[in-house]
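Taken in sequence, the protein lines are chains A and B. Counting with our numbering, you get residues 5 to 241 for the letters of the first sequence. Counting with our numbering, you get residues 1485 to 1749 for the letters of the second sequence. Backbone N, C-alpha and C define an ideal beta-carbon position, used for all residues, glycine too. Remember, it's a predicted structure, so these values are computed and weren't measured experimentally.
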Amino acid sequence: MNRRIDLIDLATTPEPQRDYVGHLSRLCDTLGVEHASYFAANPISGKMHGFTTYPEEWKSHYVAHRLQEVDPTLNSASRSVAPVDWKRLKRDPNYDRVFKDANDFKLPFQGVTVPIRGMFGEVGLLCACSSATDEEWTKLRRNIIGSLLNNAVHLHDTVMNSDPLLKTLSHPKLSNREIEILQWVAAGKSQQDIGDILAISSRTVEVHLRSTREKLCTISTAQAVGRGVSLGLIHPG
Amino acid sequence: MILVIDALNRDRFQSVIDDMFRLRARVFRDRMGWEVAVHDGREFDLFDNLDPVYLVALDDAYNVIGCNRMLQTTGPHMLTDVFQDILCGEPPLRSATVWENTRFCIDTERLKRPDSTRSVSSTACELMAGIAEYAYESGLTDVISVVDPAMDRILKRCDNAPYGYLGKTVQMGKTKALAALSDITEERIARIRAFGEITGNIFADEDEVAEALAAQVTDDMLPPYLLDYCNEQIAAASTLHEKDAALRLKAALVEKVRSRSDMRA
């Protein structure tokens, strides 16, 4: 079993300098996929956010033909809980419409859409595609799916938090357990130690820490400690 | 076999969803005495409107014999709301790789009938293996399952013991409810499969199930003129999409007839 978890940091860059397309390109290189896109609508303002590494010609064609309104990799996939392999969308009445055009632009038809449901009922979509054969693609998808999930939520939270109103509304709500564990981390305790101190399994500690990192929009536990201190949730050291 | 139903294929399996809601009413209201809303003999709540994914255990005749509902923890789910008591009012976990399982149940009444070809424990194992394998394929690392103590014991008995619990056990109806944590790993899948003596693929092919369901009920339930019309449409379909649409129409008509005869009964 070899499941990679690569996570590329975005939130540490100040917002005006954030290069989302560059971020997606780095993600493609790291995960070994050809193109990646991210789409979401702001649940309050309704503003659409969309970033993609697709070539300019395809973007213009796509927008000119309003393919975003029918594209099953966005519309159908956004109602799924699990990541949707694009093979599953072949039954969609709009599949041919989008994929025939994409084929004319020599774009891959293998791909996956990772839907992330946010706290306000909004959905963020991270799409990745590849020209691999069926067999290679199945292997690649299995290998990177965990990374895609983690990157999707990180990207989604960062984009949503770039809206001042949403940032205020989504002030991180840590449970007492999560705060307690983060405080022990700040005191230099290992995951195993913390498990022993609190009489819970070390994996339970890990799940709480993962949740804490996600709520605080950080990649590493060290960053989470930093943010926890700056938000006044825990004491330093 | 395990059938996965979500927003993308739900309209093909209305009758399965309907049977699942009836099973949930029997289990969660009648047997466990939980305060769940039952309409017309079917238990469903607002989380069923959020496009969850259902894993449904079916027997060889495609009867619903067990089910489970899954939602992401990044968005609205039951621990943020109805099951808040379990977390003592604390905010729930949030992680893209952790999902929540609720409404896990098995149709013990049907499985204990003398003519049943399946046992309660083999069905429970198959459903648990299905959950773990589906979660694994979806890239998850862990799942949180809201269960009652009896189901918690079944998890443990089937070599699928949770590694931890969140919050506390609370009284709910005639029984209690608790939130159990399970890792999603190849090791856990192997343990459940070994215990349940499960070999090979357990997931149903959705096309096969949809066609079997359409063939199974229509012929005696639809009036002859509707049946002829539907079968003509299916035979005349020239594309996959057209055939699909024709099968859906037939299934929808059957569902109409079925729910009407139900109300008369």
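Beta carbon of residue i nearer than 8 Å to that of residue j
{"i": "Glu139 of chain A", "j": "Ala45 of chain A", "result": "no"}
{"i": "Ser179 of chain A", "j": "Glu1716 of chain B", "result": "no"}
{"i": "Ile238 of chain A", "j": "Gly230 of chain A", "result": "no"}
{"i": "Leu144 of chain A", "j": "Ala156 of chain A", "result": "no"}
{"i": "Leu1611 of chain B", "j": "Glu1584 of chain B", "result": "no"}
{"i": "Thr1659 of chain B", "j": "Asp1636 of chain B", "result": "no"}
{"i": "Arg1742 of chain B", "j": "Ser1499 of chain B", "result": "yes"}
{"i": "Ala1613 of chain B", "j": "Gly1680 of chain B", "result": "yes"}
{"i": "Leu1539 of chain B", "j": "Tyr1618 of chain B", "result": "yes"}
{"i": "Leu28 of chain A", "j": "Ile148 of chain A", "result": "no"}
{"i": "Phe55 of chain A", "j": "Leu129 of chain A", "result": "no"}
{"i": "Ala1616 of chain B", "j": "Ile1673 of chain B", "result": "yes"}
{"i": "Ala1664 of chain B", "j": "Leu1639 of chain B", "result": "yes"}
{"i": "Ala191 of chain A", "j": "Gly241 of chain A", "result": "yes"}
{"i": "Cys221 of chain A", "j": "Thr162 of chain A", "result": "yes"}
{"i": "Cys1714 of chain B", "j": "Lys1734 of chain B", "result": "yes"}
{"i": "Lys193 of chain A", "j": "Ile183 of chain A", "result": "no"}
{"i": "Arg1553 of chain B", "j": "Pro1576 of chain B", "result": "no"}
{"i": "Asp1667 of chain B", "j": "Asp1728 of chain B", "result": "no"}
{"i": "Leu1650 of chain B", "j": "Ala1694 of chain B", "result": "no"}
{"i": "Asn1547 of chain B", "j": "Arg1594 of chain B", "result": "yes"}
{"i": "Lys1652 of chain B", "j": "Ile1718 of chain B", "result": "no"}
{"i": "Gly1525 of chain B", "j": "Gly1657 of chain B", "result": "no"}
Which residues DSSP lists as bridging residue i, in chain order
{"i": "Ile1628 of chain B", "result": "B:Glu1584 and B:Leu1665"}
{"i": "Leu1430 of chain B", "result": "The question about residue 1430 of chain B has no answer here: the residues shown for chain B are numbered 1485 through 1749."}
{"i": "Tyr1649 of chain B", "result": "B:Ala1664"}
{"i": "Val1520 of chain B", "result": "Beta-bridge pairing links Val1520 of chain B to no other residue."}
{"i": "Val1511 of chain B", "result": "None, per the DSSP bridge assignment."}
{"i": "Arg1526 of chain B", "result": "B:His1523"}
{"i": "Val1488 of chain B", "result": "B:Leu1539"}
{"i": "Phe1687 of chain B", "result": "B:Ile1486"}
{"i": "Ile1590 of chain B", "result": "B:Gly1550"}
{"i": "Gln227 of chain A", "result": "Paired residues: none, contrary to the question."}
For residue j and residue i, believed in contact at Cβ under 8 Å, the rounded distance
{"i": "Phe1497 of chain B", "j": "Ile1486 of chain B", "result": "With 8 Å as the limit, Phe1497 of chain B and Ile1486 of chain B do not qualify as a contact, their Cβ atoms being about 13 Å apart."}
{"i": "Arg207 of chain A", "j": "Gly1559 of chain B", "result": "Going by Cβ atoms, the distance from Arg207 of chain A to Gly1559 of chain B rounds to 24 Å, so no, they are not a contact pair."}
{"i": "Leu1492 of chain B", "j": "Ser80 of chain A", "result": "6 Å"}
{"i": "Ser1622 of chain B", "j": "Phe1588 of chain B", "result": "Going by Cβ atoms, the distance from Ser1622 of chain B to Phe1588 of chain B rounds to 17 Å, so no, they are not a contact pair."}
{"i": "Thr117 of chain A", "j": "Thr77 of chain A", "result": "5 Å"}
{"i": "Lys177 of chain A", "j": "Lys219 of chain A", "result": "7 Å"}
{"i": "Thr1586 of chain B", "j": "Met1562 of chain B", "result": "5 Å"}
{"i": "Asp105 of chain A", "j": "Leu71 of chain A", "result": "7 Å"}
{"i": "Ser41 of chain A", "j": "Tyr58 of chain A", "result": "7 Å"}
{"i": "Glu1527 of chain B", "j": "Ala1509 of chain B", "result": "4 Å"}
{"i": "Ser134 of chain A", "j": "Val37 of chain A", "result": "5 Å"}
{"i": "His212 of chain A", "j": "Leu11 of chain A", "result": "Going by Cβ atoms, the distance from His212 of chain A to Leu11 of chain A rounds to 18 Å, so no, they are not a contact pair."}
{"i": "His1607 of chain B", "j": "Ile1549 of chain B", "result": "According to the sequence shown, residue 1607 of chain B is Thr rather than His. Thr1607 of chain B to Ile1549 of chain B, Cβ: 5 Å. Contact."}
{"i": "Gln195 of chain A", "j": "Val209 of chain A", "result": "5 Å"}
Short CB-CB distance (under 8 Å) between residue i and chain D
{"i": "Lys193 of chain A", "result": "No chain D appears in the structure shown, which is made up of the protein chains A and B."}
**Message:** If we require 3 or more residues per run, which beta strand (DSSP E) segments fall completely within the stretch 106-162 of chain A?
**Reply:** 114-121 and 127-134
List, from N- to C-terminal side, the alpha helix (DSSP H) runs of 4 residues or more that fit wholly inside the stretch 1541-1581 of chain B. none
- Query: Going along the stretch 199-214 of chain A in order, which residues come within less than 8 Å of chain B, judged by CB to CB distance?
  - Reply: Ile204, Ser205, Arg207, Thr208, Val211, His212 and Arg214
- Query: Of the residues that make up the stretch 1558-1581 of chain B, which ones have a beta carbon closer than 8 Å to any beta carbon in chain A?
  - Reply: Thr1558, Gly1559, Pro1560, Leu1571, Glu1574, Pro1575, Pro1576, Leu1577, Arg1578, Ser1579, Ala1580 and Thr1581
* Within 7 Å of chain A by C-beta, residues of the stretch 1530-1555 of chain B in sequence order -> Asp1535, Pro1536, Val1537, Met1554 and Leu1555
- Task: Mind listing, in chain order, the continuous alpha helix (DSSP H) runs of no fewer than 4 residues lying wholly within the stretch 33-104 of chain A?
- Result: 60-68
Compile a chain-ordered list of the residues in the stretch 1632-1659 of chain B whose CB is closer than 7 Å to at least one CB of chain A. Tyr1647 and Gly1648
| query | Can you list, in chain order, the residues of the stretch 1659-1677 of chain B whose Cβ is nearer than 7 Å to any Cβ on chain A? | reply | Leu1665, Asp1667 and Glu1670
Mind checking the stretch 1724-1737 of chain B against chain A and listing, in chain order, the residues whose C-beta falls within less than 9 Å of any C-beta there?
Leu1724, His1725, Asp1728 and Ala1729
(message) At a CB distance below 9 Å, what residues from the stretch 95-124 of chain A approach chain B? Give them in sequence order.
(response) Arg95, Asp96, Pro97, Tyr99, Asp100, Val118, Pro119, Ile120, Arg121, Gly122, Met123 and Phe124
### Query
When Cβ atoms are compared, which residues of the stretch 1485-1507 of chain B fall closer than 7 Å to chain A?
Asp1490, Ala1491 and Leu1492
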